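Asks: Per my numbering, the very first residue in the sequence shown carries number 423; after that it's consecutive.
We put the CB at the ideal spot given by N, CA and C, even for glycine.
Owing to the predicted nature of the structure, the values given are computational and were not obtained by experimental measurement.
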Amino acid sequence: TPAAGFVSVPHSLAIGIISAVVSNLVVEWRTRTSIDDTLDVFPCHGVGGMVGMLLTGVFASQNVNPNNTTGEGLFFGHTHLFLIQLLALVATSVFAFVGSVVLLKITDMISPLRVSKEEEELGLDISQHGEKL
């Protein structure tokens with residue numbers, strides 16, 4: 423969606439296809455690891471957004487929006503916008519990671535994020551919700 427004011431329709435289709443393929447590859451890779459992301463939220467939304475963000479810096483065109491002052495993308499022989507997008511991606515990722523760690527630490531001090539091993543082995547329905555067998 424953020425690329426809409428900067429890329430042509432064919433390039434937006436390319437961004438969608440490439441982002442979907444990369445996201446699905448990361449979902450497949452994640453299933454072979456011990457990373458705990460049951461709903462594949464990060465591979466689907468995070469990775470797709472990151473790829474789309476970078477590809478905006480690849481396919482941006484001033485022909486799409488003459489008022490665009492950010493310049494042309496890498497596809498058109500210009501590196502400036504792509505490098506800005508890459509820097510923004512890194513800065514945003516660091517900010518989100520640090521912010522998440524801080525908030526998780528605060529939350530963990532108020533209410534533990536993990537149950538005890540005994541509660542986990544007993545089952546959360548029983549240990550947390552008082553369900554009876």
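#1: Indicate the three-state DSSP secondary structure (helix, strand or coil) for residue 502 in the structure shown.
#2: Could you pull out every residue in the same chain whose Cβ sits closer than 7 Å to the Cβ of residue 487, ignoring the five residues on either side in sequence?
#3: Can you tell me where the alpha helix (DSSP H) holding residue 452 begins and where it ends?
#4: With C-beta atoms as the reference, is residue 469 less than 9 Å away from residue 448?
#5: How many whole angstroms separate the CB atoms of residue 444 and residue 473, which I take to be in contact at a CB cut-off of 8 Å?
#6: Starting from residue 539, trace the alpha helix (DSSP H) in both directions and tell me its first and last residue.
#7: Using the rule of at least 16 other Cβ atoms within 10 Å of the residue's Cβ for burial, across every protein chain shown, is residue 553 buried or exposed?
#8: Assuming the contact rule is C-beta atoms closer than 8 Å, residue 437 and residue 477 should be a hit. Round their C-beta distance to whole Å, please.
#9: Name the two residues that bound the continuous alpha helix (DSSP H) containing residue 562.
Replies: On the basis of the data shown:
#1: Within the sequence shown, the letter at position 80 stands for residue 502. Helix, per DSSP.
#2: The count along the sequence shown starts at 1 and reaches residue 487 at position 65. Taken in chain order, the residues that qualify are 427 and 428.
#3: Here residue 452 refers to the residue found at position 30 when the sequence shown is read from its first residue. Counting along the chain, the unbroken alpha helix (DSSP H) around residue 452 starts and ends at 431 to 453.
#4: In the sequence shown, the residue the question calls residue 469 occupies position 47. In the sequence shown, the residue the question calls residue 448 occupies position 26. Taking 9 Å as the Cβ cut-off, residue 469 and residue 448 qualify as a contacting pair.
#5: Here residue 444 refers to the residue found at position 22 of the sequence shown. Here residue 473 refers to the residue found at position 51 of the sequence shown. Sure, about 5 Å apart at Cβ, within 8 Å.
#6: Counted from its first residue, the sequence shown places residue 539 at position 117. Where residue 539 is concerned, the enclosing alpha helix (DSSP H) starts and stops at 539 to 544.
#7: On the sequence shown, position 131 is the one that residue 553 refers to. Residue 553 should be labelled exposed.
#8: Counting from one through the sequence shown, the residue named residue 437 turns up at place 15. Counting from one through the sequence shown, the residue named residue 477 turns up at place 55. Contact flag correct, Cβ pair sits at about 4 Å.
#9: The question about residue 562 has no answer, for the chain in this structure spans 423 to 555.
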